[in-house]
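Novice:
Protein chains: 2
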Amino acid sequence: MSDIVDAAKRLLVGRPKRSESLGRTLLPKRVALPVFASDALSSVAYAPDEILLTLSLAGVAALAFSPWVGLVVVVVLLIVVASYRQNVRAYPSGGGDYEVATTNLGRTAGIGVASALLVDYVLTVAVSISAAAHYASAAVPGLRDHEVVAAVVAVSVLTLINLRGVRESGTAFAVPTYCYMAIIGALVVTGAVRYFAGNLPQAASSGYELVGEAAFDQGLVGIGGAFLLARAFASGCAALTGVEAISNGVPAFRKPKSRNAATTLLLLGTISSTMIISILLLAQATGVRFAEDPHSQLQVNGEPVSTDYVQIPVIGQLAEAVFSGFPPAFYAVSAVTGLILVLAANTAFNGFPVLGSILGRDGYLPRQLHTRGDRLAFSNGIVTLAIAAIVLIVAFDASTTRLIQLYIVGVFVSFTLSQLGMLRHWTRELRTEPNPTVRSRMKRSRVVNGIGFGFTGTVLIIVLVTKFTHGAWITLLAMGVLFVLMRGIRKHYDRVREELALDDISAARALPSRVHAVVLVSKVHKPTMRALAYARAARPNVIEAVTVGVDREDIDGLVAEWETLDLPVPLRILDSPYREITRPVLKYVRSVRRESPRDLVIVYIPEYVVGHWWEQLLHNQSALRLKGSLLFTPGVVVASVPWQLASSRGHTGLEDDTFMHGRRI
Amino acid sequence: MSDIVDAAKRLLVGRPKRSESLGRTLLPKRVALPVFASDALSSVAYAPDEILLTLSLAGVAALAFSPWVGLVVVVVLLIVVASYRQNVRAYPSGGGDYEVATTNLGRTAGIGVASALLVDYVLTVAVSISAAAHYASAAVPGLRDHEVVAAVVAVSVLTLINLRGVRESGTAFAVPTYCYMAIIGALVVTGAVRYFAGNLPQAASSGYELVGEAAFDQGLVGIGGAFLLARAFASGCAALTGVEAISNGVPAFRKPKSRNAATTLLLLGTISSTMIISILLLAQATGVRFAEDPHSQLQVNGEPVSTDYVQIPVIGQLAEAVFSGFPPAFYAVSAVTGLILVLAANTAFNGFPVLGSILGRDGYLPRQLHTRGDRLAFSNGIVTLAIAAIVLIVAFDASTTRLIQLYIVGVFVSFTLSQLGMLRHWTRELRTEPNPTVRSRMKRSRVVNGIGFGFTGTVLIIVLVTKFTHGAWITLLAMGVLFVLMRGIRKHYDRVREELALDDISAARALPSRVHAVVLVSKVHKPTMRALAYARAARPNVIEAVTVGVDREDIDGLVAEWETLDLPVPLRILDSPYREITRPVLKYVRSVRRESPRDLVIVYIPEYVVGHWWEQLLHNQSALRLKGSLLFTPGVVVASVPWQLASSRGHTGLEDDTFMHGRRI
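Here is the structure:
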């Protein structure tokens, strides 16, 4: 049984890797770009949709603003890229925003950034996979209304791939990312050529009338109009997520790490910007209609569209129009886009466990997050991320539009704090730097980060104002909970460390004067004999066997057998008026301690070792409770003397080594 | 925190009881009757309803058969009572049917009876409480459509009462049972007086037309009619459950136990029979209509009754009619009947844990079922029963009619096997008994049990044939699963006992030649110092400290500190290429064992003892996994050296003593 589990695990997760092979899992730029950039690039698959969808609330005329909204998004994107190029140079160790904030703004800001990032990694997975599920169901009618199941399956597959380790991920993900760039490039170029040639067809949805909300019957005017524009912009800022992934992932780059990371960032910014603007322009040229609620907003001759109308994502609609007459192109675009979204989620699977591990090392999360699994990947973090994302997907019914309201807040909290940290960083460095060349470069960097801080801070306020009631409050709440939790964990570890610190060396060196061995006995059988033999071998000053008198008959039998065997250890029978095992033993051990407080009491407990979990239910229940209770008594050592039952043979006790740290009984 | 839990537990469950006080919890007849008879008496609250409901399928004319069906039920009831009077005299030890079957028919029949009884106890709770919930909702309109919740709450309350112990149950339950007998007696007498005085009013439902199933438009004729009569009889046999409760409960009676139990049985049979017949006759006289699906079967002028018509149970309808003009009587009858049904469920709470404990003692169920909780009640059995009953209630939507299809099968399996066992018992006894007076009494008993076997066997076949597809298959399946499970558990315990038996005394006396102590070290702090001191105090032949080299820096720091402190124990650093803790330690310990196989290796593990469960998540994870794995290695003793953190102070390790045996970490 366990062999099968082991074999299955090896098949799914692969062979363990040695520490030394960690160096070989470093990524060259051509692999790092797809691994880290897929997040930012893939948001092109839903960010334009959200801009159009939000503007649609003000009717068809408002759509004319979409390229301008896109342009503002691109400006902010490029500013953020420029800022982060300073970050990766100054902090190449991979702590990313967390490290920048902690170093320059203190621990509180650090944990703030960390909680924001953790929440956002989870949302990256949830949003990307939900969007992927919708691309899949647009192309494969059989998947319609099963998006949640498809999304959960996708997250599970990603989890397994990541448990195999980072290297395979890189190679496996490079090809589809480049395919995606190529196919979006082909779409944009073909579209542009046909537009200028004057034969660009209209999108299938361009024939529908678009009905806005009653509040916007005058179009985008007044405060309401400005607010809607701001909301469209805030949604479009989803395109900016993923930039920070690179700053957290610098150590995974080949040397020179910082330079390579900075170059990758620039590449990413350029490609991403081009894609967003091109898609929004093409959408306008082909008259794409994309509504939040298509069944009430889209109409034909004043009648709503039929209930089985399925709204295809914008890139899909563009592919249909641009490659009209060649249907396979639509399926290729849908497939590649769906795949790239899955890969985007993978970025979070790279970033989350690293951050969790750093937080575990710093004592803000349980230390076991810092322990590596046997595939060099941080198994615990990967599994935690997967579970949280699945919960979100199920709770929000895999709706990209609803999930996107929760998104971005975290990223911009960390953007803003990180840029503020960088400002402080340069100011501090400038205080001690004498070299004028270096000083002028630092001043330039400080200006870049200052502009970055101004912009990201403004966007953060816009996002909070426009999205708070739409779901951003959930994100803030989750961040707050994580913040309090991490502070509490750190405080706990600090307190324990203080409590355990060696204050008085001589006291620590004092030895107990005598050893009093107590062997617990219930029956005369092999495990008891072994426990007696082991206890005697340790040559204690006092040794006695102890049993609890629950059943008169059993005790009489035990005493008779003890006498027949003429065992060289006296047997003591403890009275148990309430027919319990634990309390009388505890009471006796405490009385021994009270009589000679400087003695050490070693309690030997014979224990069955079983091969199946259900056997555990049939044995050891009393022994386990007793062990747990005895540990609360100072001056007592609990020694388990195992007896390996036949069913345990072939087991090594190592079966549950990877994944979450389950507790072996 | 734990103080509050403890105080709450004491408040709900009461103070612990000493073993000696067990004698004082014995029941006099006047208390034993209500405790054990409430099951059988309470079935009068639903058995007549089920007879009428089944006959109604053949239309209003078929209702004329109801007193005759009731009469057959009563005949079988009296035969069963007569048979069980023989049982309690021959087997006064409380094993009941299980003991009778095991002793006379062998272990397989014994487990068969046991699984039948266990299933039936659960159904007793589920059926009685569901019926009670319907009485409650008939009287209290606010409870309508919340029967499931009400039933689950009632089971939970019963569970708590029973965890307090059997004595309070007896006293608390005597008064309502006698009230019930009095109020049903008053109902029957008043009804009879008014009937013969010629002024008995008709029931409210008598005005409805009753529509039978199309198959029975000719009334009760042919095979279909006979089958329906048989089904009505089978449902009516629900009145027989509870008789075996007394035979299982003989030890709880005052002396002379057997005679008192036999007298109680006779009382019970007489009262129960009178009630059933009286109620069915009264129902006929008042024209009560009771249908399986009132909203299609009951009509007014050819139109179905309105959807908010609530069908009141038969006893309630009778109370309305007989005590017409005095509405409080209806509420009193409903309240007392509902209460008695809850008390009936209590019979199962008395019987199930006792049987579970006997099966635990005999090794058919996990041994912990044999351990008593601190209130002399078998806490584990009580909680198991409550959970199973709640599952059934929720699964069957608290529908008495649907649950009753599952009921009775188990009882009659155990009736039949038990009577067959008694036949064998008398035949065997007669073989050796010389005294002619005793012989003739034995022969008379044998005839009674023979008749009992014939009747109960026939009823079992009728029940199986008429109810198999209606739900009895579920019961049979559950019985089968329990049967296989119990056989498997016993086989496992037998195999283990054989494996552990002392075969070679001299080998068991051989001592390991030397002791090799390994102290696991991760940091230099108080817990490590204590583990070192304790290990040294035990004066092993070899002692060494061992650490796992996961992180270069940490190890260098540890070594430096070790040298500074000049500790008298050598420190060994184990290589960990895969950054694990468990595997390198395991490998090292095995290599020590391989080099000197006759040595004993004691591994000292410093362990934190924490006061809160969540602290456990932050500590000890590596230690726990390591301990579990080391136990699989022969020749190794795992010694936990506890360090009590400040948060553990005030904890005794005994907080989770009652209820299920949770495992303390």
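Going line by line, the protein sequences match chains A and B.
Take the first sequence: its letter number 210 is residue 350 in our numbering, and every next letter is one higher.
Take the second sequence: its letter number 422 is residue 562 in our numbering, and every next letter is one higher.
We put the beta carbon where it would ideally sit given N, CA and C, even for glycine.
Hey, does Ser780 (chain A) have any beta-carbon neighbour from chain B nearer than 7 Å?
Specialist: On the first sequence, residue 780 (chain A) is found 640 positions in, with the first residue counted as 1. Judged by the 7 Å Cβ criterion, Ser780 (chain A) is in contact with chain B.
Novice: Could one say the Cβ of Arg164 (chain A) lies closer than 7 Å to chain B's Cβ atoms, at least one of them?
Specialist: Here residue 164 (chain A) corresponds to residue number 24 of the first sequence, with the count starting at 1. Residue placement at Arg164 (chain A) is poorly supported in this model, since its pLDDT is 47, which falls under 50; the coordinates are not used for a value here.
Novice: Whose CA, out of A:Val523, A:Leu408, A:Pro232, lies closest to the CA of Thr317 (chain A)?
Specialist: In the first sequence, residue 317 (chain A) corresponds to position 177, counting from 1. Selected option, being the one with the closest Cα: A:Leu408.
Novice: If the cut is a Cβ gap below 7 Å, which residues of chain B does His665 (chain A) touch?
Specialist: Numbered from 1 along the first sequence, position 525 holds the residue referred to as residue 665 (chain A). In chain order: Leu640, Ala641, Leu642.
Novice: Using three-state DSSP, classify Pro453 (chain B) as helix, strand or coil.
Specialist: The residue you call residue 453 (chain B) lines up with position 313 of the second sequence. Residue state, collapsed to three classes: coil.
Novice: Give me the Cβ distance between His759 (chain A) and Tyr748 (chain A), rounded to the nearest whole Å; I'm assuming they're in contact under 8 Å.
Specialist: Here residue 759 (chain A) corresponds to residue number 619 of the first sequence, with the count starting at 1. Here residue 748 (chain A) corresponds to residue number 608 of the first sequence, with the count starting at 1. About 4 Å separates the two Cβ atoms, so the contact holds.
Novice: For His274 (chain B), which three-state DSSP category applies?
Specialist: Numbered from its first residue, the second sequence carries residue 274 (chain B) at position 134. Of the three classes helix, strand and coil, the one that applies to His274 (chain B) here is helix, per DSSP.
Novice: Cβ of Arg676 (chain A) less than 7 Å from any chain B Cβ?
Specialist: On the first sequence, residue 676 (chain A) is found 536 positions in, with the first residue counted as 1. Closer than 7 Å to some Cβ of chain B, the Cβ of Arg676 (chain A) qualifies, so yes.
Novice: Got a sec, what are the start and stop residues for the beta strand (DSSP E) Ala650 (chain B) sits in?
Specialist: Within the second sequence, residue 650 (chain B) is the residue found at index 510, counting from 1. Ala650 (chain B) -> no beta strand (DSSP E), and no H or E assigned at all.
Novice: Name the two residues that bound the continuous alpha helix (DSSP H) containing Glu639 (chain B).
Specialist: If you number the second sequence from 1, residue 639 (chain B) lands on position 499. Where Glu639 (chain B) is concerned, the enclosing alpha helix (DSSP H) stretches over 613-640.
Novice: Which of the three DSSP states, helix, strand or coil, is assigned to Ser787 (chain A)?
Specialist: Numbered from its first residue, the first sequence carries residue 787 (chain A) at position 647. The answer is helix: DSSP assigns Ser787 (chain A) an H, G or I state.
Novice: Does the beta-carbon of Gln818 (chain A) have 16 or more other beta-carbons within 10 angstroms, so that it is buried, or is it exposed?
Specialist: Residue 818 (chain A) is absent from the model: chain A starts at 141 and stops at 805.
Novice: At a CB-CB cut-off below 9 Å, which residues of chain A make contact with Pro391 (chain B)?
Specialist: By one-based count along the second sequence, residue 391 (chain B) stands at place 251. Simply none; closest approach about 16 Å.
Novice: Measuring CA to CA, which of B:Thr264, B:Val209, B:Gly236 is closest to Pro391 (chain B)?
Specialist: In the second sequence, the residue the question calls residue 391 (chain B) occupies position 251. Of the candidates B:Thr264, B:Val209, B:Gly236, the one whose C-alpha sits nearest the C-alpha of Pro391 (chain B) is B:Gly236.
Novice: Taking only runs of the beta strand (DSSP E) that begin and end inside the stretch 404-433 of chain B, which ones reach a length of at least 3 residues, in chain order?
Specialist: Whole beta strand (DSSP E) segments, 3+ residues: zero.
Novice: Verify the CB distance criterion: does Pro746 (chain A) have a CB-CB separation below 7 Å to chain B?
Specialist: For this step, residue 746 (chain A) is matched to residue 606 along the first sequence. Chain B contact via Cβ: absent.
Novice: Counting beta carbon pairs with one atom in the stretch 369-382 of chain B and one in the stretch 207-216 of chain B, are three or more of them shorter than 8 Å?
Specialist: With a cut-off of 8 Å, the stretch 369-382 of chain B and the stretch 207-216 of chain B count as touching, because enough Cβ pairs lie within range.
Novice: Would you mind giving the Cβ-Cβ distance between Val741 (chain B) and Arg733 (chain B), rounded to the nearest angstrom? I have them listed as a contact below 8 Å.
Specialist: Locating residue 741 (chain B) in the second sequence gives position 601, where the first residue counts as 1. Locating residue 733 (chain B) in the second sequence gives position 593, where the first residue counts as 1. About 6 Å; that satisfies the 8 Å criterion.
Novice: In chain A, which residues lie less than 7 Å from Arg734 (chain B) when you measure between Cβ atoms?
Specialist: As a first step, residue 734 (chain B) must be located in the second sequence, where it is residue number 594. The premise fails here: Arg734 (chain B) is roughly 15 Å from chain A at the closest Cβ pair, so nothing lies under 7 Å.
Novice: Is there a Cβ from chain A that is less than 7 Å from the Cβ of Leu771 (chain B)?
Specialist: The residue labelled residue 771 (chain B) in the question sits at position 631 within the second sequence. Yes - at least one Cβ of chain A is within 7 Å of the one on Leu771 (chain B).
Novice: Leu740 (chain B) CB to nearest chain A CB: under 7 Å?
Specialist: What you label residue 740 (chain B) is simply residue 600 of the second sequence in a count that begins at 1. By this cut-off, Leu740 (chain B) is an interface position.
Novice: Return no unless some Cβ of chain B is closer than 7 Å to the Cβ of Ala254 (chain A).
Specialist: Taking the first residue of the first sequence as position 1, residue 254 (chain A) is located at position 114. Not closer than 7 Å to any Cβ of chain B, the Cβ of Ala254 (chain A) fails to qualify, so no.
Novice: Starting from Ala685 (chain A), trace the beta strand (DSSP E) both ways and give me its first and last residue.
Specialist: The sequence position of residue 685 (chain A) within the first sequence is 545, counting from 1. Note, Ala685 (chain A): beta strand (DSSP E), 682-689.
Novice: Looking at C-beta atoms only, is the number of pairs between the stretch 240-250 of chain A and the stretch 557-573 of chain A that lie closer than 8 Å three or more?
Specialist: Taking 8 Å as the limit for Cβ pairs, the verdict is that the stretch 557-573 of chain A does touch the stretch 240-250 of chain A.
Novice: Taking 7 Å as the CB-CB cut-off, is Gln784 (chain A) touching chain B?
Specialist: Translated into the one-based positions of the first sequence, residue 784 (chain A) becomes position 644. So, interface residue.
Novice: Tell me, please, whether the CB atom of Leu525 (chain A) is closer than 7 Å to any CB atom in chain B?
Specialist: Counting from 1 along the first sequence, the entry for residue 525 (chain A) is found at position 385. Not closer than 7 Å to any Cβ of chain B, the Cβ of Leu525 (chain A) fails to qualify, so no.
Novice: Would you mind listing the alpha helix (DSSP H) stretches within the stretch 443-511 of chain B that are 4+ residues and don't spill past its ends, in chain order?
Specialist: The qualifying runs are 454-462, 468-501.
Novice: For the stretch 327-341 of chain A against the stretch 184-191 of chain A, do three or more pairs of beta-carbon atoms, one drawn from each stretch, fall closer than 8 Å, so that the two count as touching?
Specialist: Flag = no, the stretch 327-341 of chain A and the stretch 184-191 of chain A do not touch.
Novice: By alpha-carbon positions, which one of A:Val213, A:Gln508, A:Leu197, A:Pro774 ends up nearest to Ser436 (chain A)?
Specialist: Taking the first residue of the first sequence as position 1, residue 436 (chain A) is located at position 296. Minimum Cα distance to Ser436 (chain A) is reached at A:Leu197.
Novice: Kindly say whether Val655 (chain B), judged by its beta-carbon, lies nearer than 7 Å to any beta-carbon of chain A.
Specialist: Working through the second sequence from its first residue, we reach residue 655 (chain B) at position 515. So yes, Val655 (chain B) belongs to the interface.
Novice: Evaluate the contact criterion for the stretch 677-696 of chain B versus the stretch 651-663 of chain B: three or more CB pairs, one atom per stretch, below 8 Å.
Specialist: Short answer: they touch.
Novice: Rounded C-beta distance between Val661 (chain A) and Val686 (chain A)? I'm assuming under 8 Å.
Specialist: Locating residue 661 (chain A) in the first sequence gives position 521, where the first residue counts as 1. Locating residue 686 (chain A) in the first sequence gives position 546, where the first residue counts as 1. That pair is a contact at about 7 Å.
Novice: How big is the Cα-Cα spacing for Arg394 (chain A) and Leu406 (chain A)?
Specialist: Locating residue 394 (chain A) in the first sequence gives position 254, where the first residue counts as 1. Locating residue 406 (chain A) in the first sequence gives position 266, where the first residue counts as 1. So the alpha carbons of these two residues sit roughly 17 Å apart.
Novice: Does the stretch 336-348 of chain A come into contact with the stretch 458-465 of chain A, if we say contact requires no fewer than three beta-carbon pairs (one atom in each stretch) closer than 8 Å?
Specialist: A contact exists between the stretch 336-348 of chain A and the stretch 458-465 of chain A.
Novice: Roughly how far, in whole angstroms, is the beta-carbon of Ser612 (chain A) from the beta-carbon of Val265 (chain A), given that I think they are within contact range, below 8 Å?
Specialist: Sequence index remark: in the first sequence, residue 612 (chain A) carries index 472 (1-based). Sequence index remark: in the first sequence, residue 265 (chain A) carries index 125 (1-based). Sequence check: residue 612 (chain A) is Ala here, not Ser. That pair is no contact at about 18 Å.
Novice: Just curious, the beta strand (DSSP E) that Val390 (chain B) is in, first and last residue?
Specialist: For the purposes of this step, residue 390 (chain B) is taken as the residue at position 250 of the second sequence. No beta strand (DSSP E) holds Val390 (chain B); DSSP gives it neither H nor E.
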